[in-house]
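Below is one structure, written out as structure tokens; the observations come after it.
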Amino acid sequence: MSRRHFQSSLPRNFVELDIDPSRLAGSGNADYPQLFWQMQMPLDTPKTPQTDYAFRTANAQLYFATGPGQKIADARPLSLNRVIPGHLNHSITEHLNFEFPLATRRIAAIERVRQGGSLQFNLHVQVVVDEIGFVPAHEPSKRPLIWGLKAAHQMSMQERFDVPQSHWVERVLPNIGFGIVHVVEFPAASVESCAALEHSFKALKQAEEQHRLGFYDKAAGKCRVALDKFFDYVPVDPTHPASKKIPVFKKSWESKLGPPTYEWLKATLGTIKDASNPPHHSPNAHFSQFDSQMIIAVTTAVVAYIARTVPPEDLKS
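Position in the sequence shown (first residue = 1) + 2 = the working numbering.
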């Protein structure tokens with residue numbers, strides 16, 4: 003927990019804010035995604051018997067720490083409506099429950115910046131406080147001495163915070179519809195086929211784990227690895243076996259599957275391989291959460307189909 007003082011024009015600074023990143027959580031699921039963050043606002047004794055303080059509203063904004071002015075979200079304004087008497091002789095604590103509405107594109111932007119790691123951001127908070135006391139009489143206008151509004155103050159602070167990867171993955175993403183692994187059931191394949199495709203199943207399991215952690219580039223790359231056993235690597239120039247080799251869908255499967263099935267599997271696997279290949283060759287190739295999810299789903303479906311269709315003895319070759 004981090005306690006911070008506000009910057010304000012109040013004659014005495016008796017307000018602080020306790021900010022704990024571990025209290026940040028997601029809520030609303032995919033239908034109504036938002037970040038929920040409860041903060042504590044300790045109020046010390048004002049020690050101003052002739053003045054009261056009316057806390058009116060609180061606002062907050064989240065910005066990316068990696069770029070100037072890149073806003074993540076505005077919190078819904080809070081109505082406080084709490085009057086703190088100046089003669090108060092004990093401390094009290096208010097709770098500020100900020101809700102930051104999100105949308106799919108905002109969440110995707112956060113994930114692009116986070117890149118599977120921790121999240122660094124800037125938090126801005128503003129609290130409006132009315133100073134209430136004796137307003138002096140004004141003889142020329144014959145206004146009497148009254149108890150009323152003397153001044154309106156805005157307290158503000160800006161702080162940088164880190165949200166660890168583990169907290170973001172466990173407490174935020176699952177509650178806003180991201181980071182969820184969808185289970186898809188396929189007809190069971192033979193034990194022999196599963197054993198022969200252990201390499202593919204292991205790569206897909208690693209892809210799901212990387213996806214859950216938010217490493218979407220690595221997840222897509224693992225899908226390409228899952229397909230490696232379905233290709234033979236042949237030289238570009240058959241007359242020079244040492245020349246550059248390229249992946250070619252196993253020709254030996256054509257007679258077992260039949261030309262139509264062989265051709266659509268060849269085209270499908272080639273498309274998946276091309277789509278998941280960039281992370282292995284370019285540092286500038288990046289995938290979104292949706293890209294990763296779709297590539298994993300399609301790759302899993304095709305691997306399951308091959309496990310059911312190709313004879314186990316051919317899978318080993």
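The C-beta atom is built at its ideal place from N, Cα and C for all residues, glycine as well.
query, result
"Helix, strand or coil for E161, going by three-state DSSP, please let me know.", "strand"
"Going by CA-CA distance only, name the one from L229, R310, W255 and R107 that's closest to L271.", "L229"
"May I ask you to report which of helix, strand or coil DSSP gives R214?", "helix"
"Indicate whether K224 and A198 have their beta-carbon atoms separated by less than 7 Å.", "no"
"Have a look at P237 and P249 and give me their C-alpha separation to the nearest angstrom.", "9 Å"
"For P23, which three-state DSSP category applies?", "helix"
"Does the beta-carbon of K275 have 16 or more other beta-carbons within 10 angstroms, so that it is buried, or is it exposed?", "buried"
"Where does R162 land, buried or exposed, given buried means 16+ other C-beta within 10 angstroms?", "exposed"
"Taking P314 as part of the alpha helix (DSSP H), name the residues at either end of that continuous run.", "P314 to L317"
"Between which residues of its own chain and K231 is the CB-CB distance below 7 Å, once the five residues before and five after are set aside?", "H201 and S202"
"Can you have a look at R145 and say buried or exposed, based on whether 16 or more other CB atoms are within 10 angstroms of its CB?", "exposed"
"Measure from the C-beta of F38 to each C-beta in chain B and report whether the shortest distance is under 7 Å.", "In the structure shown, chain B does not exist; there is a single protein chain."
"Tell me where the beta strand (DSSP E) around L82 begins and ends.", "L80 to I86"
"So T47 packs on L90, CB below 8 Å; how close in whole Å?", "5 Å"
"Taking its Cβ as the centre, do 16 or more other Cβ atoms sit within 10 Å of A321, making it buried, or is it exposed?", "The first residue shown for the chain is 3 and the last is 319, placing residue 321 beyond what the model contains."
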